[in-house]
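Notes follow the structure.
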Amino acid sequence: MSQPVILTMKQISKAFPGVQALNQVDFSLRQGEIHALMGENGAGKSTLIKVLTGVYGLDQGQVWLDGKLVQIRSPKDAQAQGISTVYQEVNLCPNLTVAENLFLGRQPMKHGRIDWQETARQAGVLLQKLNIEVSPSAMLDECSLALQQMIAIARAVDMNCKILILDEPTSSLDDEEVARLFTLMRQLRQAGVGMIFVTHFLEQVYEISDRITVLRNGERVGEYETAALPRLQLVAKMMGKDFNDLAVIQAAPKGQVDPGSVPVIEAKGIAHSGTIKPFDLTIHKGEVVGLSGLLGSGRSETVRAIYGADRADQGSLKVNGRPARITQPLDAMKLGMAYLPEDRKKEGIIPELSVRENIILALQAKRGLFHLMSRKEMAEAADRYIDLLQIKTPSRETPVRSLSGGNQQKVIIGRWLLTNPDYLILDEPTRGIDIGTKTEIQKLVLELAGQGKAITFISSEIEEMLRTCSRIAVLIDGAMVGELTGAQLTQAQVMQTIAGGKTVQEDK
Amino acid sequence: MKSKKLSRSGLLLTITVGLFLLMYISGMLIFSDKGFAKPQMFLNLFISNAGLIVISCGLTLVMITGGIDISVGSVTALVCTVSAFMMENMGLSAVTALIASLIIGLLFGLVQGYLVSYLEIQPFIITLAGMFFARGMTAVVSTEMISIKNELFLKWAKAKIVLPFGYTNNKGVYIESYIYPTVIVALLTVVLVALMLKYTRFGRSLYAIGGNAQSAVMMGLNVRRDKFRAYVLDGFLTGLGGFLFCLNSCAGFVEQAKGLEMDAISAAVIGGTLLTGGVGGVVGTLFGVLIKGTIASLITTQGTLSSWWVRIALSALLCFFIVLQAVIGSVSAKKHGARLA
Amino acid sequence: MKQKSFSWQRLVHARLFMPLVCLAVVLLANVIRTPDFFKISINNGVLYGYLIDIINRSSELVILAVGMTLATAASGGQDISVGAVMAVSAAICCQLLSGGEVSVTSLAAPIVLAALAGVLAAGLCGAFNGFLVAKLHIQPMVATLILYTAGRGIAQLVTRGQITYVRVDAYKVLGGYIGSCPIPTPVFVALIVVIIMAVILKKTALGLYLESVGNNGKASRLVGLNSALICFMAYVICSILAGIAGLVASSRIYSADANNIGLNLEMDAILAVALGGNNLGGGSFNLTGSIIGAYTIQALTTTLYAMKVSADQLPVYKAIVIVIIVILQSPVFRSLIAGMKRKRAVTVDEK
Ligand SMILES: Nc1ncnc2c1ncn2[C@@H]1O[C@H](COP(=O)(O)OP(=O)(O)OP(=O)(O)O)[C@@H](O)[C@H]1O
Ligand SMILES: [Mg+2]
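What follows is the structure, encoded as structure tokens:
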């Protein structure tokens, strides 16, 4: 690797109230390399990126671009210097069209005015190039998270940049989209673009990156050639301790289910016009049922209809054998359900409220207006889950908005565990969560099932589902096309069902 | 279902225009005997609201960024009073008064814009202070009402522009339709601002800021600068609109244009602009002003209500309209806005 | 030394620090200009003095600010109808008391009943606002604009366009004095309202619910909060408090003046909320801040009057002071100053 270095960050420090997010971090990026930035949740990856792109000012340190000391004061500066970025939380404007989001601030002009036709045409070309199936004239807020993610990527790569930063771009993408992204990244590498790539998926790191920089607690652990750093060592460096828990999980027995018992959830013919076709779903105590399918196949809608987040148009639901009428989420919660939504930013966190308040909120809502939990009780509950889930926060009174993405997710998980539900719906619970915690969460899911809770688990990662689920239902275009159990639970079988739409039960 | 979807703002605008037509036509049917059907009645809507149209356009700009400006009514009073004072008490020309009006508006825009965008103070509070300040300054300039008798000014105010259509009254006399120059200025403003919003990067940037300011920053827009400019432009248009208002009233006094800010805000909102930002446009605002004007003239045409019933009827109609709009909006949004994910 | 500067830092960053400083500054301005500002004397058995005047006159504003804080928190918008609702409540109360006469010296109905009716009417207004905002999702400022214009019309309708006088001593108590108590009654009314609200917020989860709903309505719904109902309630409470404030204001002038009771008070109430360090965009709120804000505004007004500023020009000075206060409170401004200090420190180091 004799490519010249295009970016050097020296001794970068950045503190937020209560945390030293970055402490004298060095980082360098070469031309035409893909450089993975690794670390646990809250290690400071996003902060390093935001410091580089001028979202945050830095307390200390220098940034050298092409051998010149530069001051980047705003994302606009960064763009002008040839740095384009996809941030961790999608940062697009929901009120504008896809095309406009792609070209905002750099619209094609003609005779001193925006050429809308040209904008639409170029947007079409760009979307096609990345194989993104969305009309340029669609409004952004009608797009799924994954689509939005792809659009953000499209916007970033389209700006002839020298440096491309991708902060967890793959967290909500499916395999196929990831593959497409990687093809694109390889092309850009050929073209000499330096890329910073953040992800919690180790396979992806090994598939695409050339070098790795590891951060831990805001400090740089080291910089390594990817080829020379075995996986386990990488994880050990990220966590600061040895790690070999994956094996434990695989060996763990899945919850024992008594099929004769009264099912916790028995849905019959539930449907929501326009999104999901009538489906049946039965879940017993101690069972972890996965919902699998491509993005947009209606996985989330299915559980939302059960939980009452979107009211189902038809169908009936029995909870613990008794018919249940759920008109709003509170009804579902009172029946012992809990729902961790897919879109953490929009539907999960209450950003200005503290970690404590975010954790106790669901339980408080369940208890009702007049049964306010005491300060002490709240504090204890919050501390328990901060501890249990190892939430990295300066204090329990910190507003949840200032936590790192992964830690916000943990707060929401804690929120639901606190309500001690019988039936737990987890929609992408491990999205954006680091490998250590991810394993913890998977263990937790199995443990909860072992305690007799029923769980529905949705994940885009099939392996994760295979590891945790005792049964996987597969959806295609809003219809449940099959259920896999026992020996059918293999990667190949699941993939085939998702792709082929073959109903496995027909085989019987 | 494959038909071309209307965007949310397009939808709101369609509803507004549709309801306006409905309201106007029913007015024509109900009050046909009282001259509501005459074309001049329609033109009068523009004549009496020319100033408001321009002011609301400016306000729409800042509302699109998610901001607000409640100083416009007081600034209008200040502009009118200063203009009147300059012409009547200082003997200055109407042109000077016009320039002064624009400068006053600009100054308000500059200061308020700076405080809102660079110091990130809540726009409501800053412009509330602006409202107090302008009203107080009006009193400093003159506590008496000043009527304007400046010749040039009156010439501007009363220059009829005859339109090539009219109607023949029941005595067989042809009565021509006319407008004042103020109407042309107002409509020109609407067109220019609409074009700016649609066809310039600055215009689109305002929508982006209103949609999600944080995202706009991260997408590399110069959010502070653009927001600042929106307020400056708003100030300028308030100055201009204030002068048009003055041309219509030919006077300046402390209590003038009280509550005008609420008229302007509600006109913009009725026209489909969201107070939370990111959605809206000045064509809608124009219709918003027309709707409010129609409501007012429906009630004055009716003519037998006591003053409090006028107030109640005004707001009842406004309420009816807003509720109808909300209901239609939410129903049609439900129809075609099903979640995709 | 280090320990000390740390706690000083914490004090400066405490939420109530700036609002309190502003109030203090406004009050201190008087020490120089009007030395007898802080003098409190007893005349005719009641307390007299500018300070008493401030506390007394700001009672309605405090009550309104409490309600406005809740409505703002829950909906991220403001209720601009409170001034008009005050007039409605006053009109209904006085009309019942006078039995339809323009001016009476004896009561046509028990005061308690009439007052309740007034507050009830205010509550209905709140329900109307709340319905528009919470159920129909109409933007608060526009939804409440309807009653902002209609309210005074309704009040006039009730009083048939006249000013109804209730010249009965018992009716003057609320805005005057209870028996021989030297402290004006409105002070107590405000105090009671604040205490009740504080207790409600302390003993129920209302505060948490309001903040949660105002901050992220969608997420709040998914954790089982009835976002619409909570928002609705905030508006009802806001209007009920406006109704109470209306009664106080009416009792002060023992009449219902539909055009002038609570005139422009909605703006002051919103201002109080903002001066208290609250975000007008909703979410987290700070009731104490709003109350301090309300006193600050009244202190400012009284101060300006004490300095013999004419009523017409008063807004100019008020505006200037408000702008100075909000600039001082602005985090950006403060970090600019901090940055300047740091830079100076750095350059000194380099030397
Ligand atoms: N705006 C902010 N205000 C206060 N603290 C912040 C802010 N942003 C980040 N932090 C803190 O800085 C630390 C680093 O956060 P950062 O977002 O960089 O983590 P990360 O490595 O990107 O984690 P993740 O994998 O979860 O995205 C965290 O402890 C976080 O709480
Ligand atoms: Mg991150």
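Chains as they are written, first to last, in the numbering used here: chain C, 1 to 508; chain W, 1001 to 1341; chain V, 2001 to 2351. Even for Gly, the Cβ is constructed at its ideal location relative to N, Cα and C. Note that the coordinates shown come from a computational prediction; the quantities given were computed from them, not determined experimentally.
Applying the 10 Å Cβ sphere with the 16-neighbour rule, what's the burial state of residue i?
i                 : result
His111 (chain C)  : exposed
Glu342 (chain C)  : buried
Asp1234 (chain W) : buried
Thr490 (chain C)  : exposed
Ile1322 (chain W) : buried
Val303 (chain C)  : buried
Val1095 (chain W) : exposed
Met1090 (chain W) : exposed
Leu1022 (chain W) : exposed
Ala251 (chain C)  : Any reading at Ala251 (chain C) needs caution, since the residue's pLDDT is 47, under 50, leaving its predicted position unreliable; the model's value is listed next. Under this definition Ala251 (chain C) is an exposed residue.
Lys237 (chain C)  : buried
Would you list the one or two residues that DSSP bridges to residue i?
i                 : result
Ile472 (chain C)  : C:Gly290, C:Leu484
His272 (chain C)  : C:Ile276
Arg220 (chain C)  : C:Leu215
Leu281 (chain C)  : C:Ala267
Gly2100 (chain V) : Paired residues: none, contrary to the question.
Val319 (chain C)  : C:Ile265, C:Arg322
Ile425 (chain C)  : C:Tyr339, C:Thr456
Ala2306 (chain V) : Ala2306 (chain V) pairs with nothing; no bridge assigned.
Met139 (chain C)  : C:Thr97
Arg304 (chain C)  : According to DSSP, Arg304 (chain C) bridges with nothing at all.
Assign residue i to one of three DSSP states: helix, strand, or coil.
i                 : result
Gly513 (chain C)  : The structure shown does not extend to residue 513 (chain C), since chain C spans only 1 to 508, so no value can be given for it.
Arg113 (chain C)  : strand
Gly2262 (chain V) : coil
Ala251 (chain C)  : At Ala251 (chain C), the pLDDT of 47 sits below 50, so the modelled position is not reliable; the number obtained from the coordinates is stated separately. Residue state, collapsed to three classes: helix.
Pro1181 (chain W) : helix
Gln149 (chain C)  : helix
Ser1147 (chain W) : strand
Ala2155 (chain V) : helix
Pro329 (chain C)  : helix
Ile435 (chain C)  : helix
Gln1214 (chain W) : helix
Ser2058 (chain V) : coil
Lys162 (chain C)  : coil
Val193 (chain C)  : coil
Gly1280 (chain W) : coil
Phe370 (chain C)  : coil
Less than 8 Å separating the beta-carbons of residue i and residue j?
i                 : j                 : result
Ser144 (chain C)  : Leu7 (chain C)    : no
Lys366 (chain C)  : Gly2224 (chain V) : yes
Val1269 (chain W) : Phe1046 (chain W) : no
Val494 (chain C)  : Ile462 (chain C)  : yes
Gly2126 (chain V) : Ser2290 (chain V) : no
Asp331 (chain C)  : Gly308 (chain C)  : yes
Asn2278 (chain V) : Thr2069 (chain V) : yes
Ala2090 (chain V) : Ser2227 (chain V) : no
Asn91 (chain C)   : Ser1215 (chain W) : yes
Val2248 (chain V) : Val2194 (chain V) : no
Val2104 (chain V) : Arg2167 (chain V) : yes
Gly218 (chain C)  : Gly44 (chain C)   : yes
Whose Cβ in chain B lies nearer than 7 Å to the Cβ of residue i?
i                : result
Arg113 (chain C) : In summary, chain B is missing from the structure at hand, where the protein chains are C, W and V.
Exercise. Tell me the start and end of each unbroken alpha helix (DSSP H) in the stretch 32-88 of chain C that is at least 4 residues and wholly inside, in chain order.
Key: As for any alpha helix (DSSP H) of minimum length 4 sitting wholly inside the stretch 32-88 of chain C, the runs are 45-52, 75-80, ordered along the chain.
Quiz item: Hey, which unbroken runs of the alpha helix (DSSP H) at 4 residues or more fall wholly within the stretch 1012-1066 of chain W?
Solution: 1039-1064
Quiz item: In chain order, which continuous runs of the alpha helix (DSSP H) of length 4 or greater are located wholly inside the stretch 2130-2210 of chain V?
Solution: 2140-2158, 2169-2172, 2185-2203
Self-check item: Uninterrupted alpha helix (DSSP H) stretches inside the stretch 1084-1130 of chain W (no shorter than 4 residues)
Solution: 1094-1113
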